[in-house]
Structure formats: C-alpha cells, structure tokens
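Only one structure is covered here, and it is reproduced in the block below.
2 protein chains.
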Amino acid sequence: MGRPAGRSSEETRARILAAAEQEFAARGYDGARMVAIARRARLTHAMLHYHFVGKAALYRTVLERVFGAMTARLEEAILAGARGGAAPALADLAAASHEIFAAHPRFVRIMLWEVAAGGPRVDAVAGPFFDRMATLVRASGRLVRPGHDPADVAVSLTGAFLFYFFDDPLVLRLWGRRRFGPARRRARAAHLRVLIEALMPARRRGGLSSGGAAS
Amino acid sequence: MGRPAGRSSEETRARILAAAEQEFAARGYDGARMVAIARRARLTHAMLHYHFVGKAALYRTVLERVFGAMTARLEEAILAGARGGAAPALADLAAASHEIFAAHPRFVRIMLWEVAAGGPRVDAVAGPFFDRMATLVRASGRLVRPGHDPADVAVSLTGAFLFYFFDDPLVLRLWGRRRFGPARRRARAAHLRVLIEALMPARRRGGLSSGGAAS
DNA sequence: CACGTTATTAACAATTCTGTTGATTAAGGA
DNA sequence: TCCTTAATCAACAGAATTGTTAATAACGTG
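Structure follows, in structure tokens:
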C-alpha cells in the first residue's frame with residue numbers, strides 16, 4: 045500500500061472520471077457501483093471518496109464534463125447557423141450534430157438514462173444543454189413546415205438524432221447498423237438532412253439568429 | 045394482521061403488477077425499490093415475495109405484460125398494412141402507432157429504460173416485439189426513399205416515435221408539449237405521417253406484405 | 001362447522017453498497 | 001536530510017435493500 049511512485053493527483057482524478065463515465069453510461073446512476081468504477085480505474089473505492097465527495101458528486105462531475113462539452117459544441121453550431129442563411133444553417137447543424145454525437149458516444153447513452161429518469165438530476169447540470177436546444181428550436185420555429193407544431197418537430201428530431209447516434213449493442217443487433225466509417229458518415233449526414241428538411245423546409249430569408257438563437 | 049376480508053389472490057396480484065409497472069417506469073429496474081412497489085400497492089413487501097419469486101421475476105412479468113400487449117397491437121397493424129396498399133399501410137401505421145403509444149404511456153418509458161440499459165434483459169422478454177419491428181422495417185425496406193439505408197430510416201423513425209410519445213415531465217417542461225386531446229391527436233398523426241412519407245414516400249405498387257412482413 | 005389452506009403482516013436475517021478511518025508510503029519543500 | 005503533506009489501501013462501520021419466517025386471520029370444503 046502507501047503512495048505509489050510517480051503518479052499525480054490529476055492523473056488518478058482523470059482515470060476516475062473516465063472510469064465513472066464508462067460505468068454510468070453502461071449502467072445508469074442507480075445501476076453503477078462505486079467499486080466497479082474503482083475496479084475500472086484500478087484503484088480501491090476509497091480513492092473515489094478521497095477525490096470526490098460521494099457518488100452523487102462524482103456523477104454530477106461526469107455530467108458536467110460531458111454535457112459541458114456538448115453545450116459548447118452546440119453553441120458553436122448555433123453561432124455558425126446564425127452567420128449563414130437558413131439552409132446552410134440546417135446543413136451545418138446536421139453535420140455538427142453528427143460530429144458531436146459521433147465524437148462523444150457515451151454522451152448519448154448518459155443522456156438517454158437521464159431522459160428515461162425524466163429526472164431531477166437533469167435540471168441542475170444538463171439544464172444549459174437543454175436550454176440551448178430549446179433556444180435552437182424556438183429560433184427555428186419560423187422555419188417549421190406550416191401546420192406542424194414546433195415542439196413536435198423538436199421532439200421528433202431529438203428522438204431521431206439520439207437514436208441515430210445511439211451506438212449500442214441492442215440497436216446494433218436489432219437493426220444491424222454498421223459502425224462509423226467515412227462512407228457511412230456521409231450517408232448518415234445526408235439522411236439527417238432529408239429528415240430536417242422534411243420538417244423544416246429551407247426557405248428564402250433569414251438565418252437561425254433571427255428569433256433569438258444567440259443567447 | 046392475518047388475511048384481510050374479501051380480497052382475492054388475483055386482485056392483489058393485479059394490484060402488485062400495476063404498482064410495479066408504475067415504479068419500474070418511473071425509476072427503472074435498479075432504481076425501483078420493492079418496498080416502494082409494496083407501498084404503491086398498499087401491501088407489505090413480503091407480499092411481493094409471496095406472489096412473485098423476486099424482483100427480477102416481477103420485472104420480467106411486467107415486461108411480458110407490457111411488451112406482450114404492444115407486440116399484439118403491432119401485429120394487428122402489420123396485418124392491416126398487408127391488406128391495403130403502401131400508402132394506406134403507412135397511414136394505418138401512423139395512426140396505429142399513435143393509438144398504441146398513447147394507450148400505453150408507461151410502455152414507452154420502460155422501453156426507454158431498456159434501450160438505455162442496452163441490455164441483456166431485453167433479449168428474452170422484449171425480443172418478439174423488436175423482432176416484429178425489425179420485420180416491419182425489412183418488409184418496408186423497398187419503400188424507403190432511394191439513397192437511404194433502411195436501417196437508418198428504422199432507427200430515426202423509432203427514435204422519433206419514442207420521443208414523440210414520451211409523455212414525461214422532462215419533455216413536457218422542456219418543449220412545453222400539451223397532453224393528449226382530440227385536436228392534438230390529429231396534429232400528431234399528421235406530423236407523423238409527414239415524417240414517414242419523407243423517409244418512405246408512398247409509391248404505386250405493393251403493400252407491406254410483399255417483402256416478408258407477415259412472419 | 002371444524003379444519004386444513006391461503007393470504008397477509010411484523011419482525012428478522014442476510015447481503016450489498018456507500019462511506020470512513022488508521023496505517024503506510026511517496027513527494028516535496030525548509 | 002528531515003519533516004510535513006498528499007495519496008493510497010485494507011479493513012471496518014453504517015445504512016439501505018432484498019429476501020425469509022413464524023404468527024395469524026379469513027376462506028372454503030368436507
């Protein structure tokens with residue numbers, strides 16, 4: 045026992061967070077076990093309590109990391125959309141969303157757990173992310189095909205996007221999706237664009253900014 | 045204590061199942077507590093172990109009930125689709141799916157938990173349901189807009205449908221969806237139809253049956 | 001109507017999981 | 001170099017949760 049040679053506090057902290065992200069993504073908050081996280085990080089679970097206050101705090105930190113990254117990327121996409129017109133903005137969003145989700149596969153999983161929980165935990169941590177999404181939806185509400193409720197469109201698109209990037213064994217087996225590759229990636233982006241355009245056909249004037257997209 | 049007057053075994057069994065369905069839908073398998081289920085059913089949790097073998101078995105029974113009903117309804121929809129042409133079949137499916145999901149709000153919730161778990165539990169119990177869905181997708185693969193992967197279409201539609209009928213506090217608050225009413229129901233059905241037709245535009249010949257929809 | 005059966009509870013047992021503590025060893029500055 | 005601080009573990013404590021059992025009261029059948 046005792047302090048191991050040549051390992052910094054930051055290093056183990058990072059190891060713990062990575063392990064926790066995996067465990068929480070795989071089993072959800074209630075299903076996750078502290079000892080399992082410790083095992084993944086090759087530590088005893090006492091270290092989790094040394095570096096973090098407890099399970100809830102650890103989970104919160106994981107959520108902050110993962111939702112924080114997503115919110116930042118989403119913000120970028122919104123800004124990019126605000127600069128161009130509606131059509132490029134939508135194309136940008138499809139591409140950006142794809143890139144984001146593909147780069148953070150565990151985010152989708154954790155977000156699904158949170159959505160299933162429908163939960164109180166979401167409010168504090170993932171709130172900004174959902175706010176950004178809601179802003180985006182509201183901003184692009186004018187673009188929605190007439191006769192459709194913008195909220196409906198938002199829900200449908202969210203669901204489609206989430207499942208689209210839900211890279212998990214169940215979906216893989218059920219629908220036989222291939223994993224990410226260049227050709228696959230292009231096909232997916234095109235598919236997403238069609239989906240978006242079906243619900244929000246590109247129109248002449250105005251980017252996403254008009255309507256309150258930025259902040 | 046002792047046996048209460050005028051209450052049958054079937055009655056309490058039903059009460060337990062209803063309570064368990066609520067609890068599992070609200071908190072998922074790991075989050076659900078046996079005592080909480082018992083409290084919902086106005087019993088002691090010893091009764092859960094008297095009427096069912098344990099937590100896992102109780103959950104399995106709930107899954108069987110809820111997925112069984114869904115599978116049966118889905119089967120009906122497939123058969124109805126097989127009788128008509130492609131366009132009526134799609135419209136039927138939109139309407140049927142709506143009716144199904146609306147009638148079983150907790151199903152969506154439980155299914156979301158299962159999908160998030162990505163899990164081993166799904167295989168045995170919900171397998172037939174997912175098989176039916178896969179069958180449906182494969183059967184309607186010919187109807188998919190050229191250039192789209194049928195699997196992509198299936199995943200997107202599943203996600204959109206699930207979220208669409210995910211009648212939970214989070215979605216309600218985030219996107220401000222109203223609860224089910226006649227007008228709302230019509231608007232939703234129309235929205236779904238547009239979504240379906242965007243990905244699977246109605247074509248001239250052939251119903252869903254051609255291609256292997258039935259069994 | 002007596003008596004075995006069934007359904008129910010309260011209390012208990014066992015397990016599992018989170019969180020804590022004291023000993024122990026490396027790191028790092030005075 | 002020495003001594004304080006930081007990091008780590010093994011073992012333990014406490015809490016929560018699932019599962020069990022003995023007692024008990026209604027039910028139903030002969």
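Note that the protein sequences, when read in sequence, are chains A and B. In this note's numbering, each residue's number is its place in the first sequence (first place is 1) plus 44. In this note's numbering, each residue's number is its place in the second sequence (first place is 1) plus 44. Idealized CB from N, CA, C, for every residue including glycine. Since we're looking at a predicted model, the values are computed, not measured.
What's the gap between the Cα of residue i and the Cα of residue j?
i: Val109(A); j: Ala90(B); result: This sequence places Arg at residue 109(A); Val is not what is there. The straight-line gap from Cα to Cα measures roughly 42 Å.
i: Glu120(B); j: Met114(B); result: 10 Å
i: His93(B); j: Tyr73(A); result: 26 Å
i: Ser259(B); j: Ala63(B); result: With a pLDDT of 26 at Ser259(B), under the threshold of 50, the modelled position of this residue cannot be trusted; read the value that follows with caution. Approximately 34 Å between the Cα atoms of the pair.
i: Val188(B); j: Glu241(B); result: 9 Å
i: Arg51(B); j: Ala231(B); result: 44 Å
i: Asp193(A); j: Ser200(A); result: 11 Å
i: Val159(B); j: Arg153(A); result: 9 Å
i: Gln276(B); j: Val79(B); result: Residue numbering for chain B in the displayed model covers 45 to 259; residue 276(B) lies beyond these limits and cannot be assessed.
i: Glu55(A); j: Leu156(B); result: 35 Å
i: Gly98(A); j: Pro48(B); result: 44 Å
i: Val106(A); j: Ala69(A); result: 10 Å
i: Arg71(B); j: Gly191(B); result: 40 Å
i: Ser53(B); j: Ala82(B); result: 15 Å
i: Phe207(B); j: Gly203(A); result: 5 Å
i: His148(A); j: Gly162(B); result: 17 Å
i: Arg237(A); j: Ala195(A); result: 19 Å
i: Ala116(B); j: Met244(A); result: 35 Å
i: His95(B); j: Met45(B); result: 17 Å
i: Arg104(A); j: Phe145(A); result: 20 Å
i: Leu87(B); j: Gly75(B); result: 20 Å
i: Ala233(A); j: Arg57(B); result: 49 Å
i: Asp175(B); j: Gly112(A); result: 37 Å
i: Glu143(A); j: Leu239(B); result: 23 Å
i: Arg228(B); j: Arg77(A); result: 43 Å
i: Phe151(A); j: Val197(A); result: 22 Å
i: Met177(B); j: His235(B); result: 21 Å
i: Leu123(A); j: Leu123(B); result: 48 Å
Ends of the alpha helix (DSSP H) at residue i?
i: Pro149(A); result: Pro149 to Ala161
i: Ala64(A); result: Ser53 to Gly75
i: His89(A); result: His89 to His95
i: Ala49(B); result: Per DSSP, Ala49(B) belongs to no alpha helix (DSSP H) and is neither H nor E.
i: Arg86(B); result: Unbroken run through Arg86(B): none, as it is neither H nor E.
Give the C-beta separation of residue i and residue j to the nearest angstrom, bearing in mind that I take them to be a contact with Cβ-Cβ under 8 Å.
i: Ala85(B); j: Ile60(B); result: 5 Å
i: Leu118(A); j: Phe173(A); result: 7 Å
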